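So the protein sequences, as listed, match chains B and D.
Terminal number for the first sequence in the working numbering: 510, no gaps in between.
Terminal number for the second sequence in the working numbering: 1510, no gaps in between.
There are 2 protein chains.
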Amino acid sequence: MLTMGDESMSAFFTNELILDILEKYKLIWSLDHSLAALGWDSETYMPEEGVEERSISVSQLTLLKQKLLTDPSFISLVDKASEEKDLNDYEKGVVRVLERSIKVYRQLPPKLVEELTKTAEEAKVVWRRSRNENSFQTFQPYLEKIVSLSREAANHLGYKEHPYDALLDLYEEGLTSRDVDNVFNITVPATKAVLSRLLEEKLFPQKHPLEEASYDVEAMKKVNRVVTEKFGYDPKRFRMDISTHPFTIGLGIRDVRITTRYEGKDFKASLFSTIHEYGHALYELQNNEAFISTPLASGVSLGIHESQSRFWENVIGRSRSFCEAVFPILKDNLNFISQFTWEDVYYYFNTVKPSLIRVDSDEVSYNFHILLRYRLEKGLISGEINVSDLPELWCNAMDEYLGIRPKTYSEGVLQDIHWSQASFGYFPTYTLGNIISAQIRHYIIKELPDFNERVLNMDFTSIKEWLKEKVHRWGSTYTPKMLLEKMFGEELNPEHFTAYLREKYLNKKI
Amino acid sequence: MLTMGDESMSAFFTNELILDILEKYKLIWSLDHSLAALGWDSETYMPEEGVEERSISVSQLTLLKQKLLTDPSFISLVDKASEEKDLNDYEKGVVRVLERSIKVYRQLPPKLVEELTKTAEEAKVVWRRSRNENSFQTFQPYLEKIVSLSREAANHLGYKEHPYDALLDLYEEGLTSRDVDNVFNITVPATKAVLSRLLEEKLFPQKHPLEEASYDVEAMKKVNRVVTEKFGYDPKRFRMDISTHPFTIGLGIRDVRITTRYEGKDFKASLFSTIHEYGHALYELQNNEAFISTPLASGVSLGIHESQSRFWENVIGRSRSFCEAVFPILKDNLNFISQFTWEDVYYYFNTVKPSLIRVDSDEVSYNFHILLRYRLEKGLISGEINVSDLPELWCNAMDEYLGIRPKTYSEGVLQDIHWSQASFGYFPTYTLGNIISAQIRHYIIKELPDFNERVLNMDFTSIKEWLKEKVHRWGSTYTPKMLLEKMFGEELNPEHFTAYLREKYLNKKI
């Protein structure tokens, strides 16, 4: 049989019912593996016109996966297992993850799922056109339908306090609007204070000459390769390709792939998308090999995943130590760097400028973009906000939070793809990732007081080991909230993030 | 819904039962599509250690495919459809292909399939070791078991005259040892005559200085790209990658991929593997788009497929016209070519030298290698030959056919992977491909008398159109034998091949 590294599956799973479930789950996992491979291929190497045959295959496999998950005999196995008294944490994790997967199919009427899927498919096309034509009116009826179907879905899924909580939970297990409110109540005033002082006192530049530098794509590929090599990965389990929208995909614990992009200007865009995806990839790569082909085989939630990517991208990648350490690599490969110092590079990596566009935003202003979307989504789902009012509300909120107003729908309410895909509840996981990455920084430095020196020496072994021990190796064993408690002995705490912002942007110590 | 080009599915399939079958078949096709994508990925870009997770997924999907094909309700649909009176040729083709797929699972006891699969898996590993260590004794017990299981399989599958026919039919629908005997009865004496005269009179060289020329891999990639572009393909539906063993894989009619290899020496190895795979790819690419996701969606048999690859590789690629036409491309990219003429290149492409190794053989001696394997396989399956006698019989046959004797098992009986994979009955399809490629040449020249001139001008449009019309667009609609009748108005006729050999190698006219 398969050799699963040092740790064999049987050391983690012993309950007969669970073993039976895992055996049956192998096919579901295999469909996920195949869908991941097909997804990767579609974005990287698939010939353009293969798309229609690909979509037949993807929809057939997706339907089959749903059918297997909702097969009465499979559900009854999971139900039975959930009543077992002596399950260990891993076995409980298996039951929990499966119950969550099943729940969606069990509680949402197939007709509603079908309508949501169909509407979202049309809406995505219309959204793209609307954005290009700067016409909110074209998109409005689709968005209205999506909001009303999402509200209906929330009611079917159930919630304790706010219907939006049902949707939040789809993306971040257990997350409620009370949690998100708490995060913003603490971070918003503190971040506002940091932002206005740093802009006023010009502590960080808003623009940088390096943004205009054109780079050679092959040279930049080498930079990205060398940097990820310094971070460290096993080339037998990892690869890096190119796609329009960078992403990470785990085909398995031993086969994780990232993509990045090369636009030939503003090299930090390419570098930081690589570092960001590296963070995601490491989470998957450092999972426990005994979880191969089980429901615990990947990262537990979007928020925790984003904390890993943001930790590498921001906490490490945008730090003074890293800038000093990466400088020789940049200088060796990008000829225009020779006119600059590593501190120039640091300020280039850390320009702070309120932007209309979320994906172009810096660490300081980023979360305001999420706050804006969060408030609008919550109001839409509760019915307090009408779709027709969104453009106006969007502009007012941008003005209130960042003091800028979009002049077009395309740079305002139409900028993100998420709503067209009916992904209400997704945005807050981005802020969660930022918050948790700072919380990780706080605790990792307690245990590795020479953290900055390690980064400066490009010595990431202990840092990766810490992340593996605290986060990665658990896969989906614990809920995000349980994992935070286990990791830090405290729950989600936004104070670490605000302290990080002050320390970096006002005290200039990071 | 999907737009399927100009020809919609409904123009070809109207019977209600068939439409029902095609709807259900979509999932089976999707599994095939996914398995093809996974197979391509495994050979090209998969990180090395992804192999174990990949093998879980591939075996789960393969088992599921088998389960769907043998699902009683699916079988009964196919059985019912086979009794329908008014099916058109396409609909009959659907029933025929499905009956063939089902038959294997229906007639072979699952225990036997399992044992064959398990033994073959072990045998492949042992074969590789035995070949490296030049030890037939190590491999012998595995081969004995495979032969005995294959004989058992033949009995379950059934046959009219010879048990080997049951195995031949697995690879080439309807092919019998009577057919193969007929091919060799005609080709062997004629080929022997050609071979001895051409060697005696030194009409073609046995060696060529160009074999020693080292090439730049990037330059050779360009040659392969330019040559396939001259042949013509739609880059939106085709791609070319690198793998150790070149292959063609159709993920769909609109997504066909080939691989080639670059060993840095003997550039014809890289060029002709590319041309060979192009021939396979064109067959899949020029299939009827209305067959997408149906059982007719790919080439009908190994023999017909090989005729397409050999037609491009040998009939076109090794002809005087092509050598003259490709010469400027070679000269532009490979600097060592400048010391040679296009006729030098022609003789380099057409060295004729009896070789111990099948895959290194030329057009003239190649079929003797198949004859040898065919006779041994037939004797093994009938029980007239014992595995222990193979090495001796192999050496004697090589001596008899080509006048050379292997000195090691590795260059003799252990050279091919096929037997370790239990692929008895596969080899004859190679010779079939050679025979049919010459038969195609005979008939295409009748309709395109300026065939050579077209090749000389790199004008392949009418040639590809002819192949599409006669062969490609039918997919698996007709059996190989029916297709030959339809194509040529005659059955498999080896005389065209012997005529081709004489014309090329004695009269020097091709």
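The beta carbon of each residue, even a glycine, is placed where N, CA and C say it ideally should be.
Because the structure is a prediction, the values reported are computed rather than measured.
Asked: Do we get a CB-CB distance below 8 Å when we pair P47 of chain B with the residues of chain D?; Found: yes
Asked: DSSP three-state call for V1256 of chain D: helix, strand or coil?; Found: strand
Asked: Given a cut-off of 8 Å on the beta-carbon distance, is the pair S1030 of chain D and Q60 of chain B in contact?; Found: yes
Asked: Please tell me whether L296 of chain B and G93 of chain B are closer than 8 Å, where the distance is taken between their beta carbons.; Found: yes
Asked: For the putative contact between S1034 of chain D and S34 of chain B, defined by C-beta atoms under 8 Å, what is the C-beta separation to the nearest angstrom?; Found: 4 Å
Asked: Determine the chain B residues that contact R1454 of chain D at a beta-carbon separation under 8 Å, and present them in chain order.; Found: Here the premise fails: no neighbours, minimum Cβ distance about 27 Å.
Asked: Look at the alpha carbon of S270 of chain B and the alpha carbon of E1485 of chain D, and state the distance between them as a whole number of angstroms.; Found: 59 Å
Asked: Of all the CB atoms in chain B, is at least one closer than 8 Å to the CB of S1010 of chain D?; Found: no
Asked: If contacts are defined as beta-carbon pairs under 8 Å, then G1433 of chain D and R1358 of chain D qualify, I think. What distance do you get, rounded to the angstrom?; Found: Contact flag wrong, Cβ pair sits at about 14 Å.
Asked: Which residues in the same chain as Y171 of chain B place their Cβ atom closer than 6 Å to its Cβ, once the five residues preceding and following it in sequence are excluded?; Found: L302, G425, Y426 and T429
Asked: What number of angstroms, rounded off, separates the C-alpha of E1363 of chain D from the C-alpha of K1192 of chain D?; Found: 12 Å
Asked: Using beta-carbon positions only, say whether T351 of chain B and Q206 of chain B come within less than 8 Å of one another.; Found: yes
Asked: Check I1249 of chain D in the structure and name its three-state DSSP category.; Found: strand
Asked: Identify whether R310 of chain B lies in helix, strand or coil by the three-state DSSP scheme.; Found: helix
Asked: Mapping DSSP to helix, strand and coil, what is I1021 of chain D?; Found: helix
Asked: According to the neighbour-count rule (16 or more other Cβ atoms, all chains shown, within 10 Å of its Cβ), is H1369 of chain D buried or exposed?; Found: buried
Asked: Would you call V1217 of chain D buried or exposed, if buried means 16 or more other Cβ atoms sit within 10 Å of its Cβ?; Found: exposed
Asked: Since L1149 of chain D contacts L1198 of chain D with CB under 8 Å, what's their CB separation in whole angstroms?; Found: No, L1149 of chain D and L1198 of chain D are not in contact; Cβ-Cβ is about 42 Å, not under 8 Å.
Asked: Alpha carbons only, please: which of B:P189, B:A281, B:V315 and B:A290 is nearest the one belonging to H305 of chain B?; Found: B:A281
Asked: Is the shortest distance between the beta-carbon of Q286 of chain B and the beta-carbons of chain D less than 8 Å?; Found: no
Asked: For K1446 of chain D, does the three-state DSSP call read helix, strand or coil?; Found: helix
Asked: For Y1348 of chain D, which residues from the same chain have a beta carbon less than 6 Å from its beta carbon, with the 5 sequence-adjacent residues on both sides left out?; Found: H1208 and L1210
Asked: Cβ of G252 of chain B within 8 Å of Cβ of I292 of chain B?; Found: yes
Asked: Could you tell me the boundaries of the beta strand (DSSP E) in which D360 of chain B lies?; Found: Run containing D360 of chain B: none; DSSP gives neither H nor E here.
Asked: Taking just the CA atoms, how far does T1138 of chain D sit from V1126 of chain D?; Found: 7 Å
Asked: In whole angstroms, give me the CA-to-CA distance for E384 of chain B and N134 of chain B.; Found: 26 Å
Asked: Could you tell me if P1246 of chain D is buried or exposed, where buried requires 16 or more neighbouring beta carbons within 10 angstroms of its beta carbon?; Found: buried
Asked: Between the alpha carbons of L1143 of chain D and E1377 of chain D, how many angstroms are there, rounded?; Found: 12 Å
Asked: Please name the residue, chosen from D:K1080, D:E1053, D:P1047 and D:E1049, that lies closest to E1016 of chain D on a Cα-to-Cα basis.; Found: D:K1080
Asked: In three-state terms, what does DSSP make of R1514 of chain D?; Found: Absent from the structure is residue 1514 of chain D, since the part of chain D shown begins at 1001 and ends at 1510.
Asked: Going straight from the alpha carbon of S1410 of chain D to that of L87 of chain B, what length do you get?; Found: 55 Å
Asked: Please check if any C-beta of chain B sits within less than 8 Å of the C-beta of E1218 of chain D.; Found: no
Asked: In its own chain, which residues sit with a C-beta less than 6 Å from the C-beta of L168 of chain B, not counting the 5 before and 5 after it?; Found: L175 and G425
Asked: If contacts are defined as beta-carbon pairs under 8 Å, then G412 of chain B and L456 of chain B qualify, I think. What distance do you get, rounded to the angstrom?; Found: Wrong, their Cβ atoms sit about 41 Å apart, outside the cutoff.
Asked: Along the region 1008-1033 of chain D, where does the CB come closer than 7 Å to a CB of chain B? Name the residues.; Found: K1026, L1027, S1030 and H1033
Asked: How would you label A325 of chain B, buried or exposed, when you count the other beta carbons within 10 angstroms and need 16 or more for buried?; Found: buried
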